[in-house]
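Peer 1:
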Amino acid sequence: GDVYKRQNKTRKDQNSLDHFLASRELQPIINEKQKRCLDFRDGKFGKIPFCYEQNSPKEELVLEHVIQYQTQYKLIFEEDRELLLYPKNECGVYKFICTTIRPTKLGYIELYNYDTCAEFIASYIQYEELDPPDEIPQIIPSPTNVLNWQKGDSFDMSIVLCSLLIGVGYDAYVVYGIAPVSYTHLRAHETPEHLVCRLLLEKK
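Oh and the sequence shown: position 31 is 62 in the numbering used here, straight run, nothing missing.
(1) Is the region 138-157 touching the region 94-105, taking contact as three or more C-beta pairs under 8 Å?
(2) State the Cα-Cα distance for the pair C108 and E90, rounded to the nearest angstrom.
(3) What does a CB cutoff of less than 7 Å around P172 pick up in its chain, not counting 5 residues either side in sequence?
(4) Less than 8 Å between the CB atoms is what I'm expecting for E110 and I167, so what's the real figure, rounded?
(5) Just how far apart, CA to CA, sit G183 and S189?
(6) Whose CA, out of I197, D202, G123, lies closest to the CA of K66?
(7) What does DSSP give as the partner residues of Y158 in its beta bridges?
(8) What are the uninterrupted segments assigned as alpha helix (DSSP H) that are 4 or more residues long and contained completely in the region 72-103, given in chain order?
(9) Any idea what DSSP makes of I128, helix, strand or coil?
(10) Considering only residues of the same chain and omitting the five flanking positions on each side of R127, which have a CB-CB separation below 6 Å?
(11) In three-state DSSP terms, what is K136?
(12) Buried or exposed for F81, please, with buried defined as at least 16 other CB atoms from any protein chain shown within 10 angstroms of its CB.
(13) So what does DSSP say about I170, is it helix, strand or coil?
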């Protein structure tokens, strides 16, 4: 009974927020990532697993506490700080961000080292800039779909990398913040080594 009441309360909280994927007609497609997510929701990539479309009772309970925590945090600390605690997944369902990171161990020894694993992610997944570039993504898809699509923004790629590193024993985390454009963009003629040198010079 209590779990059922909590589920209803959490759903009401969700419904009170703007539903980004509520209607294809009302919400225009803004970028390729959102289009992929809409196609996934519509079943164009195959049957959708149950866990993508609904939360379990335990997930609903955790989500309720997370929503309360965010409300209290904004009241006590920084009202303007945007926390990424329960974004929508590719089906428009709110998910606690920690459940999106899935510790994964693949059968390739090259992926057991952080440097070669990061190199694999950088070469296997096509990087897409955030759109808009100064906002947190409205959708965080599962690492499985990011790998299947072979496309993703910095959040998507970081979550996949973190999932792989945790799976082989690293104490890995995903962090985000704000940085100048010079820190986040390679200029057309630059190699990564040029970027490091330029940033060191800018600090002097």
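Note that CB positions come from ideal geometry on N, CA and C, so glycine has one too.
Since the model is a prediction, treat every value here as computed from it, not as a measurement.
Peer 2: Quick look at the numbers:
(1) Not touching, per the Cβ criterion.
(2) Walking along the sequence shown from the start, residue 108 turns up at place 77. Walking along the sequence shown from the start, residue 90 turns up at place 59. Note on residue identity: the sequence assigns Phe, not Cys, to residue 108. A straight-line Cα-Cα distance of about 26 Å links F108 and E90.
(3) Numbered from its first residue, the sequence shown carries residue 172 at position 141. Answer for P172: C68, N120, E121, D187, listed in chain order.
(4) Within the sequence shown, the letter at position 79 stands for residue 110. Within the sequence shown, the letter at position 136 stands for residue 167. Actually they do not touch by this definition, with Cβ atoms about 16 Å apart.
(5) Mapped onto the sequence shown, residue 183 falls at position 152. Mapped onto the sequence shown, residue 189 falls at position 158. G183 and S189: Cα-Cα distance of roughly 9 Å.
(6) Along the sequence shown, one-based indexing puts residue 66 at 35. For K66, the nearest C-alpha among the options comes from G123.
(7) What you label residue 158 is simply residue 127 of the sequence shown in a count that begins at 1. Y158 has G183 as its beta-bridge partners, per DSSP.
(8) Here the runs fully enclosed are 81-84.
(9) Position 97 of the sequence shown, counted from the start, is the residue given in the question as residue 128. For I128, the three-state secondary structure derived from DSSP is helix.
(10) Here residue 127 is taken as the residue at index 96 of the sequence shown, counted from 1. Looking at the sequence itself, residue 127 is Phe, so the reference to Arg does not match. Excluding sequence neighbours, F127 sits near V93, L94, V97, Y117.
(11) Along the sequence shown, one-based indexing puts residue 136 at 105. Here K136 sits in coil by DSSP.
(12) Reading the sequence shown from its first residue, position 50 is the one you call residue 81. Exposed, because fewer than 16 other Cβ atoms sit within 10 Å of the Cβ of F81.
(13) To locate residue 170, count along the sequence shown from 1; it is residue 139. Correct three-state label for I170: strand.
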